[in-house]
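For reference, the structure discussed in these notes is given below.
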Amino acid sequence: MADDVNATIEKALKFGQDDAKYGQIKLNLRYRYDNTDSTHPRKQVANASTVRYRLGYLTPIFKGLQAYAELQGSQDIGINSYNSTMNGKNQYETILDPQKSELNQLWLSYKGIPNTEARLGRQNITLDNGRFIATSSWRQLARTFDAFLLSNVSLPNTTVVLGYINNIKNINTSLNSMQLPLVNISYRFADIGKLTGYAYLMDFRDPYLYPSSNQSYGVRFEGSRKINDTLGFVYMAEYANQSNYKNSTPYQADYYHVMGGVSAFGFIVKGAMEQLGGNGLNKTFNAPIGLLNKFNGWADLFVTTPSDGLRDIYTSVDKNIMGLKLSGVFHDFSDDTGQKHYGDEWDFMVAKELFKHYTLIAKYAYYHADTAGQEIGKFDTQKIWLIGEINF
Numbered sequence: 001m002a003d004d005v006n007a008t009i010e011k012a013l014k015f016g017q018d019d020a021k022y023g024q025i026k027l028n029l030r031y032r033y034d035n036t037d038s039t040h041p042r043k044q045v046a047n048a049s050t051v052r053y054r055l056g057y058l059t060p061i062f063k064g065l066q067a068y069a070e071l072q073g074s075q076d077i078g079i080n081s082y083n084s085t086m087n088g089k090n091q092y093e094t095i096l097d098p099q100k101s102e103l104n105q106l107w108l109s110y111k112g113i114p115n116t117e118a119r120l121g122r123q124n125i126t127l128d129n130g131r132f133i134a135t136s137s138w139r140q141l142a143r144t145f146d147a148f149l150l151s152n153v154s155l156p157n158t159t160v161v162l163g164y165i166n167n168i169k170n171i172n173t174s175l176n177s178m179q180l181p182l183v184n185i186s187y188r189f190a191d192i193g194k195l196t197g198y199a200y201l202m203d204f205r206d207p208y209l210y211p212s213s214n215q216s217y218g219v220r221f222e223g224s225r226k227i228n229d230t231l232g233f234v235y236m237a238e239y240a241n242q243s244n245y246k247n248s249t250p251y252q253a254d255y256y257h258v259m260g261g262v263s264a265f266g267f268i269v270k271g272a273m274e275q276l277g278g279n280g281l282n283k284t285f286n287a288p289i290g291l292l293n294k295f296n297g298w299a300d301l302f303v304t305t306p307s308d309g310l311r312d313i314y315t316s317v318d319k320n321i322m323g324l325k326l327s328g329v330f331h332d333f334s335d336d337t338g339q340k341h342y343g344d345e346w347d348f349m350v351a352k353e354l355f356k357h358y359t360l361i362a363k364y365a366y367y368h369a370d371t372a373g374q375e376i377g378k379f380d381t382q383k384i385w386l387i388g389e390i391n392f
């Protein structure tokens, strides 16, 4: 029954054509309940009940050309006792989901050259694991980029991505001007992993964002190795150097991220260390347009690197049981020398996909602060999310 309903919806969104020869409508609806509580003496518990929509149209390919346009919006439903940073409710904890409708994507691509795609316009961009440059979809309103992106896979086992980003449409609906040339080149070794080298030169043009300008050069290796049907290994190592660029304060900082793990009997267990160097105010390794919620704890206490840097030693366990995805992560946070302990965090998630197009998620984060006087992460914080999503 559910499969028949889904098939009917899928065909209707393709205008009754299985091959989508008239194009295709894209539809996404996501409900989220968000609860945020901390020991901050001047902030009340925040509760947000919001619905996000995305509605887009993807054209058929014509002589190598294809276009896409997408609107998105977020709306409070019932409970709205939270600070969105735009609703004036500063007495509450911040939940960064303002009410707004906006143009999320509008791009034109060309695939007429073999093994090559060129794309121009407002678009999603996520490179590698999203640490440095990524479309952010965790908040109800996504971050997208006004950019030109050229991808080529002509060379064996090699992917070359060249691009230029001109504007960032942020999760708080603001539009920030920047000049960001980027290079990302990867080579895949059979049965071992993928080696990637990259260079990102971020020049923010808005004066209040000058301190975020930086140039980063790095190398990353990630792979997995299957021993038999029940046992395997996963591994990753990354290094990058970052320094000031254009209008930012002179500085230099290093980034290290190493991970090793084992997959056995359906479990995936990982241990890792991620370190972002810090040498004082506005002299820290930062990734201002990368994924935020994915790294350094789901409570989002360290989306900005402390002046003394950040060392995140973490371990995670993942398991699929009867279609349920279960995840647990523990983080131990300190400065980049390991001498000053900031706090620790437990994160848990349960997710279930139903009939291909429907997803239910329950997610929890608890951060315990160790040092009350520190600049970032000084309050105990608890966050709870309940999410239901429909995606066609």
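First residue of the sequence shown? That's 1 in full-length UniProt numbering, and the numbers climb one at a time after it. Cβ coordinates follow ideal geometry from the N, Cα and C atoms, glycine included. All values derive from a computational prediction rather than experimental measurement.
DSSP-derived helix/strand/coil call for residue i
{"i": "A190", "result": "coil"}
{"i": "P211", "result": "helix"}
{"i": "E10", "result": "helix"}
{"i": "V5", "result": "helix"}
{"i": "A299", "result": "coil"}
{"i": "R30", "result": "strand"}
{"i": "H257", "result": "strand"}
{"i": "A142", "result": "coil"}
{"i": "F267", "result": "strand"}
{"i": "L103", "result": "strand"}
{"i": "residue 410", "result": "The chain is shown only over 1 to 392; residue 410 falls outside these bounds and no answer can be derived."}
{"i": "A20", "result": "coil"}
{"i": "H368", "result": "strand"}
{"i": "K226", "result": "strand"}
{"i": "M322", "result": "coil"}
{"i": "N90", "result": "coil"}
Identity of the residues DSSP links to residue i by a beta bridge
{"i": "T331", "result": "Looking at the sequence provided, one finds His at residue 331 rather than Thr. H331 pairs with Y314, E345."}
{"i": "H40", "result": "Per DSSP, none; premise fails for H40."}
{"i": "R119", "result": "S109, L149"}
{"i": "E375", "result": "Note: E375 sits in no beta bridge, so no partner."}
{"i": "M178", "result": "F204"}
{"i": "W385", "result": "D34, K363"}
{"i": "A46", "result": "T36"}
{"i": "T158", "result": "Y187"}
{"i": "I133", "result": "I289"}
Whole-Å CB distance - residue i paired with residue j, under 8 angstroms assumed
{"i": "Y217", "j": "A199", "result": "5 angstroms"}
{"i": "T315", "j": "T284", "result": "So it is not a contact: roughly 25 angstroms between Cβ atoms."}
{"i": "Y68", "j": "L58", "result": "5 angstroms"}
{"i": "T85", "j": "N172", "result": "6 angstroms"}
{"i": "G280", "j": "S307", "result": "5 angstroms"}
{"i": "Y164", "j": "G388", "result": "Rounded, the Cβ-Cβ distance is 38 angstroms, inconsistent with contact."}
{"i": "D110", "j": "L65", "result": "It is worth fixing the name first, because residue 110 is Tyr in this sequence and not Asp. Confirmed, about 6 angstroms."}
### Query
Are three or more beta carbon pairs between the stretch 240 to 251 and the stretch 195 to 215 nearer than 8 angstroms?
yes
### Query
How about the stretch 350 to 358 and the stretch 257 to 275: do they share at least three Cβ pairs that are nearer than 8 angstroms?
no
### Query
Should the stretch 253 to 266 be regarded as contacting the stretch 174 to 184, the criterion being three or more beta carbon pairs within less than 8 angstroms?
no
### Query
Does the stretch 224 to 235 come close enough to the stretch 189 to 198 to have 3 or more Cβ pairs within less than 8 angstroms?
yes
### Query
Does the stretch 90 to 100 come close enough to the stretch 65 to 74 that 3 or more CB-CB pairs lie under 8 angstroms?
yes
### Message
Could you check whether the stretch 291 to 311 touches the stretch 131 to 141, counting it as contact only if at least three pairs of C-beta atoms, one from each stretch, sit closer than 8 angstroms?
### Response
yes
### Query
Is there contact here, the stretch 108 to 126 with the stretch 143 to 156, by at least three beta-carbon pairs under 8 angstroms?
yes
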